[in-house]
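Numbering (my numbering), first residue to last: 110 to 602.
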């Protein structure tokens, strides 16, 4: 989403030319799937983590340009809001003790980045949504300087023709309007990438969709927004609503949302790129000079810039990615389900569970998605987002069960088998999956700790300002985040 573009206006000709180029890219991509050698012999995983910036009072700090200048590391990049940054971690194999090496590398990078952030009066927080965000923090002035963000903002509101209506029900209710996409910046996530072959893409994506609800139940870390206790993973509801190009009439007509779970199991990666072209008008109709057909015919690898740009403006929770590295094309499944945090070890435990369970499901003789309806997978996704670790999920052969029981009885052993197949060391498997196990037995993930700690503080501080209770809760969260002690061990009080 952060790719640099120049600020400009789009004409009707721009849109017509872009649509034609997009269809050419799609045709070339179809030929590549049958003719080209995609890079997948040594599957790599990738990781992105988005962060928030806060000031000394633990309110949002609109200083990402200053912070990034101080960090001066190409792995750290801008994000939508001026209080956001992200880190892109170098792709690597899962084999052996790679996760331990990644943990040490990540902690060192984040500690160094925090020192630099402090030098300009900011602190880095790894959390799904900042509980101290207020409406005054999410205006057009909060958007980062990258012209791409302002272009997307303009195009979304041109398509809608009216302000966003944000309506989320939980223990409390939020109903508000927004005249920019700035509320989207409240949603900070972790993205797990997995490189796959064209033949394996559909099985991998289908498996990822099956377990998205479980991921949310275990990893929820976003219970508060604008001072209200809402869903355990409020980020899901907010992201869907804050980027919606559809006025109410188009929703009633069944027009698809740009933040999308999907509507069916797939049989090919081409299905998803074709859906993107068929269902979604361009937000950024920017054409480059490449002739993809000519590039492919001369034996080179086309970049398919328009197809990639268009794909980057459609926010599937499990998204297809086409990319080129050293003139070799490759495909990735980008898992965008989880929030950031609470700690590095929690993030890596979530990753180990995801990659292990994915591998375990893919290698089963009878695919899970042949037993689970797509609407049931979506219902699980929403239940995990709403209720977090207390969610009940439907699972073939078990029926409606508590998420924690499903994980302990059925999914942890399968995830362990998958990590064995990936070649992950026993000690690494035991440690990271042990974090998931203890999260289930204690019933405490990031969202539960935040809600319990906030209510503990707020009950004792009445009748003081509720925002002060959020600031104090966040102060304690940040202290514990830096210990790298997994969240299931965090105490209340």
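A virtual CB, placed ideally from N, CA and C, is assigned to each residue, including glycine. Remember, predicted model here, so these are calculated numbers, not experimental data.
1) For the alpha helix (DSSP H) that contains residue 453, what are its first and last residues?
2) Do the region 274–281 and the region 126–144 touch if we need at least three Cβ pairs shorter than 8 Å?
3) For residue 505, which of helix, strand or coil comes out of DSSP?
4) My output table needs one value for residue 346: the three-state DSSP class, helix, strand or coil.
5) Does the Cβ of residue 468 have 16 or more other Cβ atoms within 10 Å, making it buried, or fewer, making it exposed?
6) Would you say the region 561–577 touches the region 207–221, given that touching needs at least three Cβ pairs under 8 Å?
7) Give a yes or no on contact between the region 291–306 and the region 140–158, applying the rule of three or more CB pairs nearer than 8 Å.
8) Judging by CA-CA distance, which residue of 245, 461 and 425 is the nearest neighbour of residue 442?
9) Check residue 325 in the structure and name its three-state DSSP category.
10) Taking its Cβ as the centre, do 16 or more other Cβ atoms sit within 10 Å of residue 601, making it buried, or is it exposed?
11) Measuring only the C-alpha atoms, how far is residue 564 from residue 385?
12) Quick one: Cα of residue 188 to Cα of residue 294, how far?
13) Assess contact between the region 172–187 and the region 221–233, defined as three or more Cβ pairs (one per stretch) separated by less than 8 Å. Is contact present?
14) Identify which residue in 337, 371, 336 and 330 has its Cα closest to the Cα of residue 349.
15) Should residue 517 be listed as close to the ligand ADP, given that the test is whether its C-beta is under 7 Å from any heavy atom?
16) On the three-state DSSP scale, how would you describe residue 111?
17) Should residue 183 be labelled buried (16 or more other beta-carbon atoms within 10 Å of its own) or exposed?
18) Just the C-alpha distance for residue 163 and residue 597, rounded to the nearest angstrom, thanks.
19) What number of angstroms, rounded off, separates the C-alpha of residue 111 from the C-alpha of residue 258?
20) Tell me the start and end of each unbroken beta strand (DSSP E) in the region 214–289 that is at least 3 residues and wholly inside, in chain order.
21) Here's the rule I'm using: 16 or more other beta-carbon atoms within 10 Å means buried, otherwise exposed. How should residue 463 be labelled?
22) Below 8 Å, can you find three or more Cβ-Cβ pairs linking the region 324–336 to the region 446–465?
23) Which residue marks the beginning of the beta strand (DSSP E) containing residue 497, and which one marks its end?
24) Between residue 190 and residue 291, how many whole angstroms is the CB-CB distance? I'm expecting something under 8 Å.
25) Could you give the C-beta distance for residue 299 and residue 516, rounded to a whole number, given that I count them as a contact under 8 Å?
26) In this structure, does DSSP put residue 429 in helix, strand or coil?
27) What number of angstroms, rounded off, separates the C-alpha of residue 673 from the C-alpha of residue 132?
28) What span of residues does the beta strand (DSSP E) with residue 443 cover, start to end?
29) Can you have a look at residue 367 and say buried or exposed, based on whether 16 or more other CB atoms are within 10 angstroms of its CB?
30) Would you call the CB atoms of residue 241 and residue 193 closer than 8 Å?
Let me spell this out:
1) Counted from its first residue, the chain shown places residue 453 at position 344. Its alpha helix (DSSP H) spans residues 453–471.
2) By the C-beta criterion, the region 274–281 is judged not to be in contact with the region 126–144, since fewer than 3 inter-stretch pairs fall below 8 Å.
3) Within the chain shown, residue 505 is the residue found at index 396, counting from 1. In the structure shown, residue 505 sits in coil (DSSP, three-state: anything other than H, G, I, E or B).
4) Sequence index remark: in the chain shown, residue 346 carries index 237 (1-based). If DSSP states are grouped into helix, strand and coil, residue 346 belongs with the helices.
5) Position 359 of the chain shown, counting from 1, holds the residue named residue 468. Classification for residue 468: buried.
6) no
7) With the cut-off at 8 Å, the region 291–306 and the region 140–158 touch.
8) Position 333 of the chain shown, counted from the first residue, corresponds to residue 442. Out of 245, 461 and 425, 425 has the C-alpha closest to the C-alpha of residue 442.
9) Numbered from its first residue, the chain shown carries residue 325 at position 216. If DSSP states are grouped into helix, strand and coil, residue 325 belongs with the helices.
10) For the purposes of this step, residue 601 is taken as residue 492 along the chain shown, with counting starting at 1. Exposed: under 16 other Cβ atoms inside 10 Å.
11) By 1-based counting over the chain shown, the position of residue 564 is 455. By 1-based counting over the chain shown, the position of residue 385 is 276. Near 43 Å, if we compare the C-alpha coordinates of residue 385 and residue 564.
12) For the purposes of this step, residue 188 is taken as the residue at position 79 of the chain shown. For the purposes of this step, residue 294 is taken as the residue at position 185 of the chain shown. Near 8 Å, if we compare the C-alpha coordinates of residue 294 and residue 188.
13) In this structure the region 172–187 touches the region 221–233; the number of beta carbon pairs closer than 8 Å is three or more.
14) Residue mapping note: residue 349 aligns to position 240 of the chain shown, counting from 1. Comparing Cα-Cα distances from residue 349 to each of 337, 371, 336 and 330, the minimum goes to 371.
15) As far as ligands go, the structure on display features none, and thus does not contain the ligand ADP.
16) Locating residue 111 in the chain shown gives position 2, where the first residue counts as 1. Confidence at residue 111 is low in this model, with a pLDDT of 44, below 50, so its placement is unreliable and the value that follows should be read with caution. The answer is coil: DSSP assigns residue 111 none of H, G, I, E or B.
17) Residue mapping note: residue 183 aligns to position 74 of the chain shown, counting from 1. So residue 183 ends up on the exposed side.
18) Translated into the one-based positions of the chain shown, residue 163 becomes position 54. Translated into the one-based positions of the chain shown, residue 597 becomes position 488. If I take the Cα positions, the gap works out to 24 Å.
19) In the chain shown, the residue the question calls residue 111 occupies position 2. In the chain shown, the residue the question calls residue 258 occupies position 149. Its pLDDT being 44, under 50, residue 111 is placed unreliably by the model, and the measurement read from it follows with that caveat. Cα to Cα, residue 111 sits roughly 8 Å from residue 258.
20) Taking 3 residues as the shortest admissible run, the region 214–289 contains the following complete beta strand (DSSP E) segments, listed from N- to C-terminal end: 232–234, 273–278 and 282–287.
21) What you label residue 463 is simply residue 354 of the chain shown in a count that begins at 1. Buried is the label assigned to residue 463, since at least 16 other Cβ atoms lie within 10 Å of its Cβ.
22) yes
23) Your numbering for residue 497 matches position 388 in the chain shown. Here residue 497 belongs to no beta strand (DSSP E), and DSSP marks it neither H nor E.
24) Here residue 190 refers to the residue found at position 81 when the chain shown is read from its first residue. Here residue 291 refers to the residue found at position 182 when the chain shown is read from its first residue. Rounded, the Cβ-Cβ distance is 7 Å, consistent with contact.
25) As a working mapping, residue 299 is identified with position 190 in the chain shown. As a working mapping, residue 516 is identified with position 407 in the chain shown. With 8 Å as the limit, residue 299 and residue 516 do not qualify as a contact, their Cβ atoms being about 18 Å apart.
26) Taking the first residue of the chain shown as position 1, residue 429 is located at position 320. DSSP, reduced to helix, strand and coil, places residue 429 within a strand of the structure shown.
27) Residue 673 lies beyond the stretch modelled for the chain, which goes from 110 to 602, so this question has no answer here.
28) For the purposes of this step, residue 443 is taken as the residue at position 334 of the chain shown. Run containing residue 443: 437–444, per the beta strand (DSSP E) assignment.
29) Position 258 of the chain shown, counted from the first residue, corresponds to residue 367. It counts as buried.
30) Working through the chain shown from its first residue, we reach residue 241 at position 132. Working through the chain shown from its first residue, we reach residue 193 at position 84. At least 8 Å separates the beta-carbon of residue 241 from that of residue 193.
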